[in-house]
């Protein structure tokens, strides 16, 4: 899979829509699942929040999901950070793999790897630490 | 309670939060106060490394205020935002139910 070369997307509806499609395609290619969004990213007036936070979410099982946060290129922000977050959906415990990234071919490859490992339930804290360690500032 | 959510900071040696659970929508100004209170409670080093994240969160609340806040219905999806400094140090915002960040 090739990375989508879009750097500027905040408040650019067409670029934003293309990126959402790109992440949907990536998720389905890696997991074989159709995406099922579990996070709301709209304002009270119905307007979409085009901030990349998150750019994509999908349930993997009823109590497990993936959340991807994409930032435009910014030297002061993490290029890739990933963690496991425990939250709740409708008052039921819910675990998510969160990946915050600036998209390039390297971070895209790492993201695919993380999704695969998490989907296969073999993502360990040590592996996560190893991938994060490459991008630690 | 009809309106629930929280701001939470997480880190290697840190976990703290300010949450709300109330019968009336959370005003944007109250949200900013809860956020500022949490920021002010952190040790200087923890506050400093999250300063950009706190700023982004404040800007989000201000933008929400101008766009009808955020509104999560009873069976709706929550709003979850993270403002990471790195993979361990971050600020999270979660709105689980009801209206938040509305105009006064």
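Protein chains in written order, with this note's numbering: chain H, 252 to 388; chain V, 81 to 184. Virtual Cβ for every residue (Gly too), placed ideally from N, Cα, C. The model shown is predicted, which means the values in this text are computed figures rather than measured ones.
> Does any CB atom of chain V fall closer than 7 Å to the CB of residue 295 (chain H)?
Replying inline: Chain V contact via Cβ: present.
> Can you find at least 3 beta carbon pairs, one from the stretch 348 to 360 of chain H and one from the stretch 320 to 339 of chain H, that sit closer than 8 Å?
Replying inline: Contact holds: three or more Cβ-Cβ distances are below 8 Å.
>> Please report the straight-line C-alpha distance between residue 131 (chain V) and residue 305 (chain H), rounded to a whole angstrom.
In response: Pairing residue 131 (chain V) with residue 305 (chain H), the inter-Cα distance amounts to about 20 Å.
> Are the stretch 98 to 110 of chain V and the stretch 176 to 183 of chain V touching, with three or more C-beta to C-beta distances below 8 Å?
Replying inline: Yes: at least three Cβ pairs fall under 8 Å.
> Along the chain, which unbroken stretches of the alpha helix (DSSP H) at least 4 residues long are found entirely within the stretch 128 to 183 of chain V?
Replying inline: As far as the stretch 128 to 183 of chain V is concerned, its whole alpha helix (DSSP H) runs of at least 4 residues are 131 to 145.
> If contact means a Cβ-Cβ distance below 8 Å, which residues of the stretch 144 to 159 of chain V contact chain H?
Replying inline: Under the 8 Å Cβ criterion, the stretch 144 to 159 of chain V contributes 144, 147, 148, 149, 150, 151, 152, 155, 156, 157, 158, 159.
> residue 339 (chain H) versus chain V: which residues are under 9 Å apart at the beta carbon?
Replying inline: Listed along the chain, the chain V residues whose CB falls inside 9 Å of the CB of residue 339 (chain H) are 158, 174, 176.
>> Could you check whether residue 286 (chain H) and residue 278 (chain H) sit closer than 7 Å to each other, using their CB atoms as the reference points?
In response: The Cβ atoms of residue 278 (chain H) and residue 286 (chain H) lie closer than 7 Å to each other.
>> With a threshold of 7 Å on Cβ separation, who are the neighbours of residue 165 (chain V) within its own chain once the five nearest residues in sequence on each side are excluded?
In response: For residue 165 (chain V), where only same-chain residues beyond five positions count, the Cβ hits under 7 Å are 129, 130, 133.
> Three or more beta-carbon pairs under 8 Å between the stretch 307 to 314 of chain H and the stretch 140 to 156 of chain V, yes or no?
Replying inline: Not touching, per the Cβ criterion.
>> Between H:263, H:274, H:332, which has its C-alpha nearest residue 395 (chain H)'s C-alpha?
In response: Nothing about residue 395 (chain H) can be reported from this structure: the residues present for chain H run from 252 to 388 only.
> Along chain H, in chain order, which residues have C-beta atoms closer than 7 Å to that of residue 161 (chain V)?
Replying inline: Under a criterion of Cβ atoms nearer than 7 Å, the residues of chain H adjacent to residue 161 (chain V) are, in order, 304.
>> Alpha carbons only, please: which of V:135, V:84, V:154, V:94 is nearest the one belonging to residue 121 (chain V)?
In response: Residue nearest to residue 121 (chain V) within the set V:135, V:84, V:154, V:94 is V:94 (criterion: CA-CA distance).
> Using a C-beta cutoff of 7 Å, does residue 290 (chain H) count as contacting chain V?
Replying inline: For residue 290 (chain H), the answer is yes, since a Cβ of chain V falls inside 7 Å of its Cβ.
> Between H:362, H:299, H:267, H:344, which lies nearest to residue 280 (chain H) when the distance is taken from Cα to Cα?
Replying inline: When only C-alpha atoms are compared, the closest one is H:362.
> So which residues of chain H does residue 132 (chain V) contact, with C-beta pairs closer than 9 Å?
Replying inline: Within chain H, 327, 328 have C-beta atoms less than 9 Å from the C-beta of residue 132 (chain V), given in sequence order.
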